[in-house]
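For the sequence shown, numbering that gives the first Met the number 0 assigns the number 0 to the initial residue and increments by one for each residue that follows. Backbone N, C-alpha and C fix where the C-beta goes; we use that ideal spot for every residue, glycine too. Here is the structure we will look at, set down as C-alpha cells.
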Amino acid sequence: MSLTYTAGSLVAARGREWVVLPESAPDMLVLRPLGGSEDDIAAVFPSFEEVRPAEFAAPSPDDLGDQRAAGLLRTALRIGFRSGAGPFRSLASIAVEPRAYQLVPLLMALRQRTVRLLISDDVGIGKTVEAGLIAKELLAQGEATRLAVLCSPALAEQWQGELREKFGIDAELVLASTVSRLERNLELGQSLFDKHPFTIISTDFIKSTRHREDFVKHCPDLVIVDEAHTCVAADDPAQGGASSATNQLRYELLRKVSADADRHLLLLTATPHSGKESAFRNLLGLVRPELATLDLETPAGRAKLAEHFVARKRADVRDYLTKEDGLADDSLAERTAFPSDRWTKDEPYKLTPAYRALLDDAIAYAADRVSAAGEQGKREARIAWWSVIALLRSMVSSPAAAAQTLKTRSESATARTAHEADVLGSPVAADSAENDRHEGMDVAPGAAESEDAGARLLELAGRAEELMGPAEDAKLKALTRHLKDLIAKGYNPIVFCRYIPTADYLAEQLDGKLGRKTKIAAVTGTLSPQQRLERIEQLAAEEGDDPSVRRVLIATDCLSEGVNLQHHFDAVVHYDLAWNPTRHDQREGRVDRYGQKRNQVRVITMYGEDNGIDGKVLEVLFKKHRQIKKDLGISVSVPDETASGVTDAVVEWLLLHGRQGSQESLFEMDGHQESFDRIEREWTSAAEREKTSRSKYAQRAIHPEEVAREVAAVRAALGGAEEVREFTLEALRDLDALIRDPRDGSGDFTAQVGGTPAGLRDALAATLGNRLVEEDREIPFRTTPAIGRGEAALVRTDPAIGAIASYVLDSALDAKALGPRPARRCGVVTTDAVSVRTTLLLVRYRFHLTLPSRSGERQVVAEDARLLAYEGLPQRARWLDDDAATALLGARATANTHELAARKAITRALEGQPGLADHLTEYGTRLAAELDASHRRVRKANEEIVRGLKVVPQEPADVLGVYVYLPPAASASTVSGAEA
C-alpha cells in the first residue's frame with residue numbers, strides 16, 4: 000500500500016531526496032529535488048518505483064570547515080531558490096536587483112485585482128525594469144498567462160533583450176519584417192498571439208487593419224504600452240489641434256484593448272502631460288474610464304488617481320529610504336548614482352568666406368523659388384516651402400548633406416494637394432518630438448522640385464562638394480577641437496547629426512585626426528536596429544584591455560531614443576542644432592541615466608553664429624526650454640506646433656531679409672511679435688500645468704516606510720548582488736580555478752576552470768560550451784546581465800552561477816565527495832568576535848502556501864534559509880536576534896583552534912540539537928505568521944485576493960549547518976581540559 004505524502008514533505012527516490020509538490024496525487028508524485036530548481040521537477044509513480052519518507056541527515060563532527068564555510072553554504076543554498084515564500088514570487092528568479100524605489104509600482108500593482116497603471120517616472124529612472132517586475136510577478140502568480148509589449152520598431156529588440164536577460168521572459172518579435180515568417184508556421188485558423196504567449200509588437204505592425212483586428216480578438220491578458228503619450232493626442236484645437244492619423248489609430252486600438260475590464264494594462268511614458276490637458280485625460284481614460292472625468296482639484300480625486308499613477312523625478316529617488324522620507328534611521332538608505340546636473344556649453348562657429356558666399360546664394364535661390372511658387376498656387380507654394388526648408392537645413396548641417404540635397408528630388412514634389420505636400424515634407428524637414436518618427440527620418444531631404452535638379456542647383460551642389468574638409472568647413476574644424484578637448488579629459492563622446500551624409504562625412508574626415516588610441520564609428524538609419532547595436536558593441540570592444548583607448552560615436556537621431564548608451568559613452572555633442580529642444584533631451588537621455596559611471600555628463604551644443612538660423616532657434620526655443628527645466632527640475636516637451644511656429648518665422652525672415660538682415664533679435668522682427676507672444680504664453684502655460692501636475696499627482700499611494708519593510712524582507716531572504724560576486728570568487732578559488740581580478744571598479748573578473756573538479760567542469764561546459772571549458776580558456780564573469788556567448792553574469796539566475804552553487808551545496812552535503820569542498824556543514828572558529836561560546840545554525844524551512852488569485856487558488860511549496868544563533872550550551876540556550884546571527888558570518892579567526900577543542904565543541908553542539916527542536920519549530924511558526932502578514936500587507940487594498948491565503952510551515956525544519964564560535968579564552972581552557 001502506498002503512503003500519502005503532504006505537499007512540502009521529504010521523500011527519497013532514485014537515489015536522492017525530493018520535496019513533494021502540491022500537484023501530486025496518490026498514484027503520482029510531482030517532486031522537486033531538495034535544493035533544486037523548477038527545471039529539475041520530475042514525476043514519480045510509487046506503484047512502479049520505490050518511494051519512502053526521508054529525513055534530513057544531521058551534520059557529521061568529522062567534517063569540519065573553516066571560518067567561511069557557513070557563509071558559502073548559506074549563499075549556495077539561497078542561489079538555488081527560484082521562488083521565495085514572501086509576497087514577491089518572482090524576485091528570486093530575475094537577473095536584476097531592483098532599486099528600492101522601483102518596487103513602488105510593483106506594490107501598487109499587487110493591490111489591484113486588475114492592474115491598471117500609468118508609470119510616468121522621469122527619463123532614465125528605469126520604467127522598463129519597473130514594468131518588467133510587474134509582468135514577471137503577475138506571470139509567476141498566475142494572474143497573467145500571456146504578455147504583449149507595444150513599442151516603436153526601434154525599441155523592439157531592446158525590449159526583447161531586457162525581458163530575456165533580466166526577467167527570463169523569451170518574447171517573440173512581431174515586426175513588419177518578421178510577420179510573414181511567423182505566419183507561415185501557424186496552423187489553419189490559428190492566431191499569431193495564441194501560438195506565441197509572449198510578444199513584442201511594433202506599432203508599425205498594428206497599422207494594418209487585419210493585424211490590428213487579430214490582435215484585439217486574441218489580445219493577451221497583460222499588455223505593456225511603451226511611450227504611451229504617442230498613442231493619444233490633444234483633441235481640442237486650442238491645445239494642439241486634432242490627433243495625427245497614426246495617433247488616432249493607436250488610440251482606437253488601445254481603447255478596444257482597455258475595454259476588457261479584466262485585462263492588465265501598463266502605460267509607460269516620461270511625458271504624460273506635456274501641458275495638454277485633453278491628451279492627459281485621454282491617457283487616464285485608457286487606465287480607467289472614470290479617471291478621464293475625475294475632479295483632480297479635490298483631495299478625493301487626487302487620492303483616486305494616486306492608486307493608478309506614479310510620476311517621480313530623479314530628485315525624488317536619488318536618496319531614498321532615509322530619515323527625510325519619514326523613516327526612523329538611514330539603515331536601509333539607498334543612493335542611486337544618477338549623474339548630477341549636466342555640464343552644458345553652447346559653442347559658436349563662424350562660416351568661412353567661401354561657405355558664406357554659398358549660403359547667401361542658396362538663400363537667394365530659395366527666396367526666388369518661394370516668391371515664384373506663391374504666384375502659381377497653394378500646392379506649388381507648399382512644395383517650394385518644404386524644398387527650401389530642406390535646402391537650408393542641409394546647408395547648415397554639412398557640405399556633404401548640402402550636395403546630396405541639392406541633387407535629390409524633394410519628398411513633397413509628388414504631392415497632388417497643398418495638404419499632401421505638408422504631410423510629405425514636414426516629417427523629413429522638421430524635428431518632431433515623437434520618438435517613433437525618428438526611424439527613416441535621417442535621410443538627406445531633397446530640394447529639387449522635378450527629376451532634373453536644374454543647372455542652378457547642380458552648380459550649388461558642385462560648390463558644396465568643393466568645401467568639404469577642415470580648410471573651408473569651419474564647423475568641422477571646430478568639432479575636431481571640441482572632441483580633442485573631451486578626449487584629453489577622458490571622455491567618450493557621441494556626436495549627433497541630423498542627416499546620414501553628415502554622419503558619414505564626419506566619420507571619414509575625423510578618421511586618424513583624434514589620436515591613434517581613439518576609435519571612431521558611425522551609426523545611421525542605413526543600419527537595422529540590430530546592426531546598430533552590433534556596431535556600438537564592436538566599437539566598445541575595441542578598447543580591449545587598454546583603458547586609455549577612447550571611443551567616438553557619430554550618430555543620427557536613429558539613436559536618440561531607445562538605445563541605452565550610458566555604459567559606453569559619457570558626453571554628447573550636438574553637431575546639428577535640432578529644431579525642437581525635446582530632440583536634444585532625447586539625445587542626452589541616452590547617456591545621462593541610471594548606470595552612468597560619471598557623476599557629470601558633458602554636453603556641447605554647436606551653432607552657427609552667422610548662418611542666420613541657428614542663433615535664433617537657440618535664442619527662442621532652447622533658452623526658454625532650459626529656463627523651464629531649471630524652474631521645474633524636469634523637461635517639458637515642446638509641442639511640435641510651437642517649435643514649427645518659431646522655425647517657420649525664422650525661415651520667412653531669412654528669405655525676406657537675407658543672412659545679414661537676420662542678425663537682429665528675433666523678438667524685434669516686424670509682424671512676428673504677436674505670434675511669438677502667443678507661443679510664449681502657450682509654452683509658459685503648458686509648463687505651469689506640468690508643474691501643477693507633478694506636484695498634485697506625485698506618487699503618495701505607497702509610503703516609503705512600506706517600501707522599506709518589504710526591501711528589508713527581500714534582502715533577508717535572497718541577499719544581494721555583492722554576495723553573489725563574493726561567493727563566486729571564493730568558491731572558484733577554493734575549487735582550484737585560476738582567477739584574474741583586475742580590481743578596476745567594474746567588479747568583472749575572469750576564471751580558468753581547467754583545474755577544478757570534473758563534476759563542476761561538466762556542469763559549466765553544459766552552460767558555457769564544451770570547447771571553452773575543455774581548452775581551459777578564460778571565462779569572463781561580468782556584473783551586468785547583458786553578456787555574450789561564453790560569458791557568465793554575476794547574478795543568481797545565471798546558469799553558470801547556478802552550476803557553481805549546486806556543486807558547492809552538493810559537495811557540502813556529501814562528506815564522501817572527492818576533491819576540494821569549499822563549504823562544510825560544520826565548523827569551529829576561535830574569534831574575538833564573541834565573548835562566550837556561540838553557535839550558529841543554518842536552517843532551511845519549507846512552507847506550503849495557498850495563494851488565492853483571479854484564476855483560483857494556487858498551491859505552492861517554497862523554501863527559506865535562515866540563520867539562528869544562541870549563546871551558551873544547547874540546554875540553556877540564550878537566543879540572539881537575526882541581525883546578531885547574521886553578523887557572525889563576518890567573524891574571522893583570531894587564533895588557531897586545537898583539533899581536540901574543535902571536536903569537543905562541535906560534538907557537544909550536535910548532541911544538543913534535539914533539545915533545540917521546539918525553538919526551531921516555534922521560529923518556523925513565527926516566520927510563517929510573518930510571511931502571512933507580509934502577503935496580506937502587500938495586498939491590503941484587495942480583500943478578494945487575500946481571502947483564503949494560508950502559509951503553513953512543513954515540519955521538521957532542516958538543519959543544514961552547525962558552526963561554533965569560541966572566544967580565545969574558552970578555546971584555550973577547552974584544550975587544557977582535554978589534554979589533562
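Next item on the list: Could you give the DSSP three-state label for THR837: helix, strand or coil?
Entry: Taking the first residue of the sequence shown as 1, we reach residue 837 at position 838. Strand, per DSSP.
Checklist line | Neighbourhood of THR3 by C-beta, 8 angstroms cutoff - its chain only, sequence neighbours within 5 removed | finding: Within the sequence shown, numbered from 1, the residue matching residue 3 stands at position 4. Sequence-distant partners of THR3 (beyond 5 residues in either direction) whose C-beta falls short of 8 angstroms from its own C-beta, in its chain, are PRO25.
Next item on the list: Please classify GLY607: does DSSP put it in a helix, a strand, or coil?
Entry: Here residue 607 is taken as the residue at index 608 of the sequence shown, counted from 1. Strand at GLY607.
Note to self: If you reduce the DSSP assignment to three classes, tell me which class VAL963 lands in.
What the structure shows: Taking the first residue of the sequence shown as position 1, residue 963 is located at position 964. VAL963 falls in the strand class under three-state DSSP.
Notebook entry, point to check: Excluding sequence positions up to five away, which residues of its chain have a Cβ less than 6 angstroms from the Cβ of ARG262?
Noted result: Here residue 262 refers to the residue found at position 263 when the sequence shown is read from its first residue. Excluding five sequence positions before and after ARG262, the CB atoms of its chain that fall closer than 6 angstroms to its own CB belong to ASP220, given in chain order.
Next item on the list: Helix, strand or coil for TYR844, going by three-state DSSP, please let me know.
Entry: Counted from its first residue, the sequence shown places residue 844 at position 845. Annotated three-state conformation of TYR844 is strand, per DSSP.
Next item on the list: Output the distance between the C-alpha atoms of ALA417 and ASN246, rounded to the nearest integer angstrom.
Entry: Translated into the one-based positions of the sequence shown, residue 417 becomes position 418. Translated into the one-based positions of the sequence shown, residue 246 becomes position 247. C-alpha separation (whole angstroms): 22 angstroms.
Check: Does the stretch 64-81 come close enough to the stretch 959-969 that 3 or more CB-CB pairs lie under 8 angstroms?
Finding: By the Cβ test, the stretch 959-969 is in contact with the stretch 64-81, since at least three Cβ pairs between them sit closer than 8 angstroms.
Item checked: Whole-angstrom distance between ALA886 and GLY718, CA atom to CA atom -> Mapped onto the sequence shown, residue 718 falls at position 719. Mapped onto the sequence shown, residue 886 falls at position 887. Rounded to the nearest whole angstrom, the C-alpha separation of GLY718 and ALA886 is 14 angstroms.
Margin query: When you compare the CB positions of LYS518 and VAL562, do they come within less than 8 angstroms of one another, or not?
Written below: Stepping through the sequence shown from its first residue, residue 518 is reached at position 519. Stepping through the sequence shown from its first residue, residue 562 is reached at position 563. The answer is no: Cβ separation not under 8 angstroms.
Notebook entry, point to check: Out of GLU774, GLU729, ILE612, GLN157, which has the shortest C-alpha to C-alpha gap to SER396?
Noted result: Position 397 of the sequence shown, counted from the first residue, corresponds to residue 396. Considering only alpha carbons, the answer is ILE612.
Notebook entry, point to check: By the 10 Å Cβ neighbour count, where 16 or more other Cβ atoms means buried, how is ASN434 classified, buried or exposed?
Noted result: Counting from one through the sequence shown, the residue named residue 434 turns up at place 435. Caution is warranted here: a pLDDT of 45 is assigned to ASN434, below 50, making its placement in the model unreliable, and the coordinate value is therefore given only provisionally. Label assigned to ASN434: buried.
Next item on the list: Just tell me which of ALA883, THR198, LEU457 has its CA closest to the CA of GLY160.
Entry: Within the sequence shown, numbered from 1, the residue matching residue 160 stands at position 161. GLY160 has its Cα closest to that of THR198, out of ALA883, THR198, LEU457.
Margin query: Considering Cα atoms alone, identify which of VAL600, LYS596, ALA577 is closest to LEU617.
Written below: What you label residue 617 is simply residue 618 of the sequence shown in a count that begins at 1. Of the listed residues, the one whose Cα sits closest to LEU617 is ALA577.
Notebook entry, point to check: In chain order, which continuous runs of the alpha helix (DSSP H) of length 4 or greater are located wholly inside the stretch 283-336?
Noted result: Counting only runs of at least 4 residues, the stretch 283-336 fully encloses the following alpha helix (DSSP H) elements, listed from N- to C-terminal order: 298-305, 313-316.
Next item on the list: Could you please give me the residues that DSSP links to TRP878 through a beta bridge?
Entry: The residue you call residue 878 lines up with position 879 of the sequence shown. DSSP, once it has assigned bridges, lists TYR869 as partnering TRP878.
Note to self: Which same chain residues end up closer than 8 angstroms to VAL650 when comparing Cβ atoms and leaving out the 5 residues on each side of it in sequence?
What the structure shows: In the sequence shown, the residue the question calls residue 650 occupies position 651. Cβ within range, chain order: VAL387, ILE388, LEU391, ILE612.
Margin query: In whole angstroms, give me the CA-to-CA distance for ALA42 and VAL50.
Written below: To locate residue 42, count along the sequence shown from 1; it is residue 43. To locate residue 50, count along the sequence shown from 1; it is residue 51. Roughly 12 angstroms separates the two Cα atoms.
Check: Taking GLY445 as the reference, which of ARG112, LEU105, GLN403 has the closest Cα?
Finding: On the sequence shown, position 446 is the one that residue 445 refers to. Ranking the options by Cα distance to GLY445, first place goes to GLN403.
Checklist line | Nearest-angstrom Cβ-Cβ length linking ILE124 and ARG311, presumed shorter than 8 angstroms | finding: The residue labelled residue 124 in the question sits at position 125 within the sequence shown. The residue labelled residue 311 in the question sits at position 312 within the sequence shown. Yes, they are in contact, since the Cβ atoms of ILE124 and ARG311 sit about 7 angstroms apart, within 8 angstroms.
Next item on the list: Identify, in the order they occur along the chain, each residue of the same chain with its Cβ nearer than 6 angstroms to the Cβ of PRO966, setting aside the five sequence neighbours on each side.
Entry: The count along the sequence shown starts at 1 and reaches residue 966 at position 967. Hits under 6 angstroms: VAL833, SER834.
Next item on the list: May I have the straight-line CA-CA distance separating TRP17 from ILE535, to the nearest angstrom?
Entry: Along the sequence shown, read from residue 1 onward, the residue named residue 17 stands at position 18. Along the sequence shown, read from residue 1 onward, the residue named residue 535 stands at position 536. Roughly 47 angstroms between the two C-alpha positions.
Next item on the list: Identify, in the order they occur along the chain, each residue of the same chain with its Cβ nearer than 8 angstroms to the Cβ of ALA868, setting aside the five sequence neighbours on each side.
Entry: The count along the sequence shown starts at 1 and reaches residue 868 at position 869. The beta carbon of ALA868 is closer than 8 angstroms to those of THR837, THR838, LEU839, LEU840, TRP878, LEU879, ALA883, ALA884, LEU887 in its chain, skipping five residues each way along the sequence.
Checklist line | Burial state of ALA487, where buried means 16 or more other Cβ atoms lie within 10 Å | finding: Position 488 of the sequence shown holds residue 487. Result: exposed.
Check: So what does GLN403 bridge to, in DSSP terms?
Finding: The residue given as residue 403 occupies position 404 in the sequence shown. DSSP output for GLN403 lists no bridge partner at all.
Next item on the list: Quick one: measure Cβ to Cβ for VAL19 and ALA6, integer angstroms, because I've assumed they're closer than 8 angstroms.
Entry: Position 20 of the sequence shown, counted from the first residue, corresponds to residue 19. Position 7 of the sequence shown, counted from the first residue, corresponds to residue 6. Indeed, because the Cβ distance is near 6 angstroms, the residues count as touching under 8 angstroms.
Notebook entry, point to check: How is the alpha helix (DSSP H) around ASP584 delimited, first residue to last?
Noted result: For the purposes of this step, residue 584 is identified with residue 585 of the sequence shown, where counting begins at 1. Run containing ASP584: 580-587, per the alpha helix (DSSP H) assignment.
Next item on the list: Enumerate in chain order the residues of its own chain whose CB-to-CB distance from ARG462 is below 7 angstroms, with the five nearest sequence positions on each side excluded.
Entry: As a first step, residue 462 is located in the sequence shown; it is residue number 463 there, counting from the start. The answer, listed in chain order, is LEU357.
Check: At which residues does the alpha helix (DSSP H) containing PHE192 begin and terminate?
Finding: Looking up residue 192 in the sequence shown gives position 193. Segment 191-194, the alpha helix (DSSP H) holding PHE192.
Notebook entry, point to check: From the DSSP output, which residues share a beta bridge with LYS518?
Noted result: On the sequence shown, position 519 is the one that residue 518 refers to. Answer is ARG550.
Check: If you count every other CB in all the chains shown that lies within 10 Å of the CB of ASN491, and 16 or more means buried, which is it?
Finding: Indexing the sequence shown from 1 puts residue 491 at position 492. Around the Cβ of ASN491, a 10 Å sphere holds 16 or more other Cβ atoms; the residue is buried.
Check: Taking DSSP as the reference, what is the three-state secondary structure of ASP510?
Finding: Indexing the sequence shown from 1 puts residue 510 at position 511. Three-state DSSP puts ASP510 in coil, outside helix and strand.
Notebook entry, point to check: Within the present structure, is the beta-carbon of ARG776 separated from the nearest heavy atom of the ligand NAP by less than 7 angstroms?
Noted result: Questions concerning the ligand NAP fall outside what the structure shown contains, since it holds no ligand whatsoever.
Next item on the list: Report the residue from GLN874, PRO819, VAL316, ALA864 whose alpha carbon sits nearest the alpha carbon of ASP62.
Entry: Locating residue 62 in the sequence shown gives position 63, counting from the first residue. Residue PRO819 is the option with its Cα nearest to ASP62.
Check: With burial defined as no fewer than 16 other Cβ atoms inside 10 Å of the residue's Cβ, what is the status of ALA968: buried or exposed?
Finding: Reading the sequence shown from its first residue, position 969 is the one you call residue 968. Result: exposed.
Item checked: CA nearest to the CA of LEU930, picked from HIS847, PHE192, ARG515 -> To locate residue 930, count along the sequence shown from 1; it is residue 931. Distances from the CA of LEU930 to each of HIS847, PHE192, ARG515 were compared; the closest alpha carbon is that of HIS847.
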